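Asks: The structure that follows is given in the form of structure tokens.
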Amino acid sequence: MLGTSSRLYVIERLLVQGEAKAYDLAKTSPFAISTIYYTLRKLEDEGCVIVSRDVYMPTFKCVLEYYREAGCGDAVKSYFRRSLGEYADLVKENDICQLLDFLVKTGACGKSVVSAVLDAVGGRLADVKKLPEGVTRAFTAALAAGSEYIDAVHKGAVVGGVFVGYCKRCGLVVAPCPLIK
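If you use my numbering, the sequence shown corresponds to residues 5 to 185, in order.
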């Protein structure tokens with residue numbers, strides 16, 4: 005746990021757990037209960053967390069803030085492993101750190117990995133191929149994790165003839181594919 009800030013404490017707990025009720029965060033916190041409730045409300049107002057039925061979940065904006073303050077630690081990696089699902093094993097831990105470093109340096113932001121990277125490349129999906137290899141791999145896995153299958157082999161998106169996502173034959177890919185009809 006990060007020491008002195010209730011804000012970083014709450015963000016870290018949410019990144020590690022994935023979601024939590026306000027009461028559960030408050031009762032296990034080293035901070036006053038009212039401080040945790042206030043912190044959650046402030047994070048929600050800023051778009052760092054979303055809440056549904058008193059369950060708080062971190063957005064990617066929350067991940068970027070934590071990374072800026074605490075670096076690429078276990079809390080960040082835990083968030084990514086959970087969000088990448090079945091594609092987590094295709095992404096190296098260093099790829100996650102490289103992606104976050106790239107996004108922080110470019111000033112890109114978004115409520116998801118995909119929207120933040122697209123912000124960084126000006127919305128041009130084909131330009132993802134020009135990014136550092138680790139950034140491309142992490143982005144492609146995130147896009148595949150949040151997508152549907154477009155045919156029996158491909159899960160991701162096709163824009164301007166370029167496929168970005170997961171191919172059962174090729175793995176994570178950013179390239180035109182003649183097999184997509």
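Just so you know, even glycine gets a beta-carbon here, dropped at the ideal spot from N, CA and C.
Being a predicted model, the structure only gives us computed values, none of them experimental.
Take the Cβ of Y60 as the centre, count every other Cβ of all protein chains shown within 10 Å, and call the residue buried at 16 or more, exposed below.
Replies: The sequence position of residue 60 within the sequence shown is 56, counting from 1. Burial call: buried.
Asks: Taking only beta-carbon positions, decide if L183 is within less than 8 Å of chain B.
Replies: Considering every chain present, this structure includes no chain B. It has just one protein chain.
Asks: Which whole-angstrom value describes the C-beta separation of A145 and L68, a residue pair presumed to lie in contact below a C-beta threshold of 8 Å?
Replies: The residue you call residue 145 lines up with position 141 of the sequence shown. The residue you call residue 68 lines up with position 64 of the sequence shown. About 18 Å; that fails the 8 Å criterion.
Asks: Given a cut-off of 8 Å, decide if V162 and I154 are closer than it, judged by their beta-carbon atoms.
Replies: In the sequence shown, residue 154 corresponds to position 150, counting from 1. In the sequence shown, residue 162 corresponds to position 158, counting from 1. Yes.
Asks: Roughly how many angstroms lie between the CA atoms of D78 and Y70, to the nearest whole one?
Replies: On the sequence shown, position 74 is the one that residue 78 refers to. On the sequence shown, position 66 is the one that residue 70 refers to. Taking the straight line from one Cα to the other gives about 11 Å.
Asks: What's the gap between the Cα of S33 and the Cα of R11?
Replies: Your numbering for residue 33 matches position 29 in the sequence shown. Your numbering for residue 11 matches position 7 in the sequence shown. Rounded to whole angstroms, S33 to R11 spans 11 Å at the Cα level.
Asks: The alpha helix (DSSP H) with G138 in it runs from where to where?
Replies: In the sequence shown, the residue the question calls residue 138 occupies position 134. G138 -> alpha helix (DSSP H) spans E137 to A149.
Asks: May I have the straight-line CA-CA distance separating S9 from L135, to the nearest angstrom?
Replies: Counting from one through the sequence shown, the residue named residue 9 turns up at place 5. Counting from one through the sequence shown, the residue named residue 135 turns up at place 131. Rounded to the nearest angstrom, the two C-alpha atoms are 34 Å apart.
Asks: Where does L183 fall in DSSP's three states?
Replies: As a position in the sequence shown, residue 183 is number 179, starting the count at 1. Three-state result, L183: coil.
Asks: Cβ atoms of A130 and G164: under 8 Å apart, would you say?
Replies: As a first step, residue 164 is located in the sequence shown; it is residue number 160 there, counting from the start. As a first step, residue 130 is located in the sequence shown; it is residue number 126 there, counting from the start. Yes, these two residues count as a Cβ contact at 8 Å.
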